[in-house]
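If you read the sequences in order, they're chains D and F. Position 136, counted from 1, in the first sequence is what our numbering calls 136; the numbers after and before it change by one each time, with no gaps. Position 75, counted from 1, in the second sequence is what our numbering calls 1075; the numbers after and before it change by one each time, with no gaps. All C-beta atoms in this analysis are idealised placements derived from N, C-alpha and C, irrespective of residue type, glycine included.
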Amino acid sequence: MTEPAATPTVADVAGPVLEARALETTFRTRSGKAARAVDGVDLALGRGEIVALVGESGCGKTTLARTLLGLEQPSRGHVYYAGKELSYKNAGLKAFRRKVQLVLQDPTGSLNPRHTVYEAVAEGLRVHRVGGNEEELVARALSRAGLRPPERYFLRYPHELSGGQRQRVVIAGALVLEPEVLVADEPVSSLDASVRGEILALLLALREDLGLSVLVVTHDLGLAWNIADRIAVMYLGRIVESGPTEDVLSDPQHPYTRALLSVVPETHHLEPIVLSGEPPDPTKVPAGCRFHPRCPALSSGAAARAGVDGECRTAPVAVLPAGASHAAACFLAQTLSAAGRKESTGDFRY
Amino acid sequence: MTALLRLENLSVTYSSADGPVPAVRGVTLDVEAGSTLGVAGESGSGKSTLAATVLRLTPASAKVEGKVLLDGEDVLAMSFGRLRAVRWAEAAIIFQGALHSLNPLRRVGQQIAEPVLLHDSKVTQRQADKRVGDLLSQVGLAARLASSYPHQLSGGQKQRIMIAMALACKPRLLIADEPTTALDVMVQAQVLDLLGSLVRDLGLGLVVISHDLSVLGSTCDRLAVMYAGRIVEEGPSAEVLERSQHPYTRALSAAFPTIGDQTARYAPHGLPGDPPWPGDLPSGCPFHPRCPDAMDVCRTEDVALRDYESHRHRAACIHVDSHVRGTLA
Chain D
1 MTEPAATPTV ADVAGPVLEA RALETTFRTR SGKAARAVDG VDLALGRGEI
51 VALVGESGCG KTTLARTLLG LEQPSRGHVY YAGKELSYKN AGLKAFRRKV
101 QLVLQDPTGS LNPRHTVYEA VAEGLRVHRV GGNEEELVAR ALSRAGLRPP
151 ERYFLRYPHE LSGGQRQRVV IAGALVLEPE VLVADEPVSS LDASVRGEIL
201 ALLLALREDL GLSVLVVTHD LGLAWNIADR IAVMYLGRIV ESGPTEDVLS
251 DPQHPYTRAL LSVVPETHHL EPIVLSGEPP DPTKVPAGCR FHPRCPALSS
301 GAAARAGVDG ECRTAPVAVL PAGASHAAAC FLAQTLSAAG RKESTGDFRY
Chain F
1001 MTALLRLENL SVTYSSADGP VPAVRGVTLD VEAGSTLGVA GESGSGKSTL
1051 AATVLRLTPA SAKVEGKVLL DGEDVLAMSF GRLRAVRWAE AAIIFQGALH
1101 SLNPLRRVGQ QIAEPVLLHD SKVTQRQADK RVGDLLSQVG LAARLASSYP
1151 HQLSGGQKQR IMIAMALACK PRLLIADEPT TALDVMVQAQ VLDLLGSLVR
1201 DLGLGLVVIS HDLSVLGSTC DRLAVMYAGR IVEEGPSAEV LERSQHPYTR
1251 ALSAAFPTIG DQTARYAPHG LPGDPPWPGD LPSGCPFHPR CPDAMDVCRT
1301 EDVALRDYES HRHRAACIHV DSHVRGTLA
């Protein structure tokens, strides 16, 4: 569990398309304190892979996504695109941004109400001075995003479209530049329930047809179950558990993941573990395991029975490797698994 | 026994430049004290209009027909003075986007005390402060937070403040419009727990409005699913979720997958098309353009709610009494 990935996946063989190594992004608050929004993250996104980055608000998932997009400069560590370190010089960044596109949560807010659909989609082409037949490129992007026939949408304004159609326009605006990676920040959370599935199906189809890699930033575990190959759970600036979606969601190892999963209404078989309090403050990261003040396994004595409670409170937890295998940054889970525990559910009581 | 809240054939029509917009079209519902009703629906289904109508908060230009009986008394026929007394004291609403409804320039304690002071002129400031402290502890917040400003609080804390404010005048009916939409799952679970305990401990009647059927299913005794201004299915939560009779309910519940359900892996379930614009509803059954089970007759014929097995579970679909559901699913 502590070793790096033993079984390389297809993604590893080809090399990840986007990667964070020992990434840290720190902000200064007005009072001069350092807020460690991203506090040591290794994360890799393989070619054609869909990874869900999951966590509560304030856990740093959006900052991590923004740093991966080159919108924030890391205070330590590096971002790699196709094996090359990301340069923060203007030209390098511009080329990178063409290949890695962002899709935001609220399509109404991301579209200019005074621009037609055509202008919204063509804007990226103009910014990046892409040659070729603009009209053809826009039409192709719209139809890839499921707005067919595309010509019918050219002269529409955002207010004439439904929420789902607007999100498709935003996605078309990203696709028109033929990116390799989409970073989607809560792509369906502002959409109606019945439209949600359609947009998620579109993301899957884009991966299938164009080989796109997608990093979905979300707090919605059901979404991860719907489309993600891998899942990374973030808590207070760190990835606390990652692995293939089915392993993480059907056999969660980290007490935080278990708690998160138990309160999702879409799971019926778990006794809800409602954590009290809010995600803590990134200016005051607790010593030891950063989850220990809220950890149900520590407060119930499960950690003490396994003899790791001292470590939980004081010892630093190693950063999880970016590998594809299932791993959790938790002393208790690591001890139990080292003791030859095959299935976690039986003796992992709290 | 009279229901705490009874809506009788309620219709609300807004007027717009393009003609009348029927937002709610003939809704009949009951809410008993000590029970929770969930109203599910998407944007434009009329669910928020329904909430506003209970306290006559719809704009003056809206035409409201039917009856809203609060403890047997028709809200729509009340004098304005009586209405003022009923608002907050008999029924209170926690609005959607509540997080932005707090005044950023006033301490939250003052804002909670405001309805208390306004509704009873005999209450002194000291009594009101005490009441604020009680209310805060009732919603699981420390009394010292009364002196905070909204920006100092997290989303979950602000939502609790809104709930405390709604409870200020001891209403018997609470309506929560999307109470957890902007909140994280963990905070959402905390807020839903809190609402559930208020129903149990205070015997409140609670109406929760949401587009997330799975959230409603886990908190509500009964569910009503709205589409295009009407209730298309209604019944006990477990019945409605597990034995959905209306194709729209099935689509809504499939939209949020059960984690662990292999059929949902790499197969997000959506519903083609978009919810209809209330000003321009399709003919016949308004769901027919998106319905996987639609027949020719659905284009022309609208179906009212019908009993499925008993009067407690009803659905407005032509397939309901055909008793061959298995073959259509």
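Listed in chain order, which residues of the region 159-176 of chain D have Cβ atoms closer than 8 angstroms to some Cβ of chain A? Structure shown: chain A not included; protein chains present are D and F.
Is the number of C-beta pairs between the region 1151-1161 of chain F and the region 1186-1204 of chain F that are closer than 8 angstroms three or more? yes
Under three-state DSSP, which class holds F:A1388? Here chain F covers residues 1001 to 1329 and nothing more, so residue 1388 of chain F does not appear.
C-alpha gap between F:R1084 and F:V1116, whole angstroms: Taking the second sequence and counting its residues from 1, one reaches residue 1084 of chain F at position 84. Taking the second sequence and counting its residues from 1, one reaches residue 1116 of chain F at position 116. Using only the alpha carbons, I get a separation of about 13 angstroms.
Taking its Cβ as the centre, do 16 or more other Cβ atoms sit within 10 Å of D:N148, making it buried, or is it exposed? Taking the first residue of the first sequence as position 1, residue 148 of chain D is located at position 148. Note on residue identity: the sequence assigns Arg, not Asn, to residue 148 of chain D. Exposed: under 16 other Cβ atoms inside 10 Å.
Please return the same chain residues whose Cβ sits closer than 6 angstroms to the Cβ of F:P1020, not counting the five positions on each side in sequence. Position 20 of the second sequence, counting from 1, holds the residue named residue 1020 of chain F. Same-chain partners within the cutoff: T1013.
Of the choices D:E151, D:L182, D:V195 and D:T116, whose alpha-carbon is the least far from that of D:P158? Looking up residue 158 of chain D in the first sequence gives position 158. Out of D:E151, D:L182, D:V195 and D:T116, D:T116 has the C-alpha closest to the C-alpha of D:P158.
Burial state of F:L1002 (16 or more Cβ within 10 Å): Within the second sequence, the letter at position 2 stands for residue 1002 of chain F. The identity of residue 1002 of chain F in the sequence shown is Thr, whereas the question assumes Leu. F:T1002 comes out exposed.
Buried or exposed for F:T1263, please, with buried defined as at least 16 other CB atoms from any protein chain shown within 10 angstroms of its CB. Stepping through the second sequence from its first residue, residue 1263 of chain F is reached at position 263. Exposed is the call here.
If we define contact as Cβ-Cβ less than 8 angstroms, is F:A1315 a contact residue for chain D? Translated into positions along the second sequence, residue 1315 of chain F becomes position 315. So, not an interface residue.
Residue span of the alpha helix (DSSP H) that contains F:N1009, given as start and end: Counted from its first residue, the second sequence places residue 1009 of chain F at position 9. First-last for F:N1009: L1005 to S1016, but that is the beta strand (DSSP E), not the alpha helix (DSSP H).
Inter-stretch contact at 8 angstroms, needing at least 3 Cβ pairs: the region 1233-1241 of chain F / the region 1218-1225 of chain F: yes
For F:R1006, I'd like the list of residues in its chain whose CB is within less than 6 angstroms of its CB, leaving aside the five on either flank, ordered along the chain. For this step, residue 1006 of chain F is matched to residue 6 along the second sequence. D1030 and L1069, listed in sequence order.
Using beta-carbon positions only, say whether D:T218 and D:E186 come within less than 8 angstroms of one another. Stepping through the first sequence from its first residue, residue 218 of chain D is reached at position 218. Stepping through the first sequence from its first residue, residue 186 of chain D is reached at position 186. Yes.
Could you name the residues of the same chain whose beta carbon sits closer than 8 angstroms to that of F:N1009, not counting the 5 residues immediately before and after it, in chain order? As a first step, residue 1009 of chain F must be located in the second sequence, where it is residue number 9. Counting only Cβ-Cβ distances below 8 angstroms, and skipping sequence neighbours, we find G1026, V1027, T1028, E1065, G1066 and K1067.
Does the Cβ-Cβ distance between D:P74 and D:L23 come in under 8 angstroms? For the purposes of this step, residue 74 of chain D is taken as the residue at position 74 of the first sequence. For the purposes of this step, residue 23 of chain D is taken as the residue at position 23 of the first sequence. In contact: D:P74 and D:L23 (Cβ atoms closer than 8 angstroms).
So, is F:P1278 buried or exposed, given that buried needs 16 or more other C-beta atoms within 10 angstroms? The residue labelled residue 1278 of chain F in the question sits at position 278 within the second sequence. So F:P1278 ends up on the buried side.
Which residues of chain D have a Cβ atom closer than 9 angstroms to the Cβ of F:A1228, listed in chain order? Residue numbering aside, residue 1228 of chain F sits at position 228 when the second sequence is read from its first letter. Neighbours of F:A1228 on chain D: none; closest Cβ ~13 angstroms, over 9 angstroms.
Per DSSP, D:H78 is paired with what? In the first sequence, the residue the question calls residue 78 of chain D occupies position 78. For D:H78, which the question treats as bridged, DSSP gives the partners D:R21.
CA nearest to the CA of F:P1292, picked from F:H1119, F:G1273 and F:S1283: Mapped onto the second sequence, residue 1292 of chain F falls at position 292. Residue F:G1273 is the option with its Cα nearest to F:P1292.
For F:L1202, the nearest candidate out of F:A1017, F:T1036 and F:P1022 (CA to CA): Locating residue 1202 of chain F in the second sequence gives position 202, counting from the first residue. Among F:A1017, F:T1036 and F:P1022, the Cα nearest to that of F:L1202 belongs to F:T1036.
Over what stretch of residues does the alpha helix (DSSP H) that includes F:M1165 continue unbroken? Within the second sequence, the letter at position 165 stands for residue 1165 of chain F. Its alpha helix (DSSP H) spans residues G1155 to L1167.
Which of the residues in the region 1264-1277 of chain F, read from start to end, lie with their CB under 9 angstroms from any CB of chain D? A1264, R1265, Y1266, A1267, P1268, H1269, G1270, L1271, P1272, G1273, D1274, P1275 and W1277
Does the beta carbon of D:E252 come closer than 8 angstroms to any beta carbon on chain F? Reading the first sequence from its first residue, position 252 is the one you call residue 252 of chain D. Per the sequence shown, residue 252 of chain D should be read as Pro rather than Glu. It does not: the Cβ of D:P252 has no partner Cβ on chain F nearer than 8 angstroms.
Relative to the alpha-carbon of F:H1313, which residue among F:S1214, F:L1241 and F:P1289 has its alpha-carbon at the smallest distance? On the second sequence, residue 1313 of chain F is found 313 positions in, with the first residue counted as 1. Nearest of F:S1214, F:L1241 and F:P1289 to F:H1313, Cα basis: F:L1241.
Any chain F beta carbon closer than 8 angstroms to D:M192: On the first sequence, residue 192 of chain D is found 192 positions in, with the first residue counted as 1. As written in the sequence, residue 192 of chain D is Asp, which differs from the Met given in the question. Chain F, which has a Cβ nearer than 8 angstroms to the Cβ of D:D192, makes this yes.
Which same chain residues end up closer than 6 angstroms to F:V1320 when comparing Cβ atoms and leaving out the 5 residues on each side of it in sequence? For the purposes of this step, residue 1320 of chain F is taken as the residue at position 320 of the second sequence. Closer than 6 angstroms at the Cβ level, and outside the excluded window around F:V1320, lie Q1245, R1306 and Y1308.
May I ask you to report which of helix, strand or coil DSSP gives F:E1309? Counting from one through the second sequence, the residue named residue 1309 of chain F turns up at place 309. Note: F:E1309 maps to coil in three-state DSSP.
Kindly indicate if chain F contains any beta-carbon less than 8 angstroms away from that of D:S325. By one-based count along the first sequence, residue 325 of chain D stands at place 325. Cβ-Cβ to chain F under 8 angstroms: no for D:S325.
Whole angstroms is fine: what's the gap from D:L71's alpha carbon to F:S1015's? As a first step, residue 71 of chain D is located in the first sequence; it is residue number 71 there, counting from the start. As a first step, residue 1015 of chain F is located in the second sequence; it is residue number 15 there, counting from the start. For D:L71 and F:S1015, the distance between alpha carbons rounds to 45 angstroms.
Min CB distance D:G222 to chain F below 8 angstroms: Within the first sequence, numbered from 1, the residue matching residue 222 of chain D stands at position 222. Yes - at least one Cβ of chain F is within 8 angstroms of the one on D:G222.
Note the first and the last residue of the continuous beta strand (DSSP E) segment covering F:M1186. Residue numbering aside, residue 1186 of chain F sits at position 186 when the second sequence is read from its first letter. Element bounds for F:M1186: not the beta strand (DSSP E) but the alpha helix (DSSP H), V1185 to L1202.
Out of D:L298, D:D42 and D:A174, state which residue places its alpha-carbon closest to the alpha-carbon of D:R98. Translated into the one-based positions of the first sequence, residue 98 of chain D becomes position 98. Of D:L298, D:D42 and D:A174, the residue nearest in Cα terms is D:A174.
Would you list, in chain order, the members of the region 41-57 of chain D that have their beta-carbon closer than 8 angstroms to a beta-carbon of chain F? E56 and S57
Could you check which residue in D:A318, D:T314, D:V285 and D:A193 has the C-alpha nearest to that of D:G58? Residue numbering aside, residue 58 of chain D sits at position 58 when the first sequence is read from its first letter. The shortest C-alpha separation from D:G58 is found at D:V285.
Residue-chain proximity (D:A11, chain F), Cβ-Cβ < 8 angstroms: In the first sequence, the residue the question calls residue 11 of chain D occupies position 11. Low confidence applies to D:A11: its pLDDT is 44, below 50, so where it sits in the model is not reliable, and the reading given next is rough at best. It does not; no Cβ of chain F falls within 8 angstroms.
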